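For the sequence shown, the numbering used here assigns the number 108 to the last residue and increments by one with no breaks. One structure is given below, encoded as structure tokens.
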Amino acid sequence: MSTNDNGSRLPVWALTPTEELEARHNLKDFTHQQCADVVADMMNCAKEHGLKAFPACNKQKEAMSRCLLFYQKDPKYLDAERDKIIRKKIQKLELDMKKSNSANPTVN
């Protein structure tokens, strides 16, 4: 379970399977942004060495793997992406409720 800004626990089931996939895709994008330098180093080394890239680029490959796995293995980063989606859902529900309440004012 992840936590929201108020510190309360948000259940993972608050996400649909599609939203869970979106969170994982967003984590992948975030991870690649955070590791852009080491990924670029690996790509440049691979271009330079061609078929001999793997023995020649072990240092770059290991650095890239360490960076990518750092973000992918720590659950707080996936939880942060889930939280973003849940916050969007909550904001949409609140907006829908406001629209519904303004369209149907109650008479006291």
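A virtual CB, placed ideally from N, CA and C, is assigned to each residue, including glycine. Source: prediction; values computed, not measured.
Nearest-angstrom Cβ-Cβ length linking residue i and residue j, presumed shorter than 8 angstroms
i: ASP41; j: GLN60; result: 5 angstroms
i: CYS45; j: ALA56; result: 7 angstroms
Sub-9 angstroms separation of residue i and residue j beta-carbons
i: GLU20; j: ARG82; result: yes
i: CYS67; j: GLN33; result: no
i: TRP99; j: ALA14; result: The amino acid occupying residue 99 in the given sequence is Lys; Trp does not appear at that position. No. Outside cutoff.
Neighbourhood of residue i by C-beta, 8 angstroms cutoff - its chain only, sequence neighbours within 5 removed
i: TYR77; result: LEU27, PHE30, THR31, TYR71
i: HIS49; result: ALA56, CYS57
Extent of the continuous alpha helix (DSSP H) to which residue i belongs
i: THR18; result: 17–34
i: LYS92; result: 75–103
i: ALA53; result: 53–56
Close-in-space but distant-in-sequence residues of the same chain around residue i (CB under 6 angstroms, 5 per side omitted)
i: ALA23; result: GLU81, ARG82, ILE85
i: ALA63; result: VAL38
i: SER102; result: none
Own chain, CB closer than 7 angstroms to residue i, minus 5 neighbours either side, in chain order
i: ALA53; result: CYS45, ALA46
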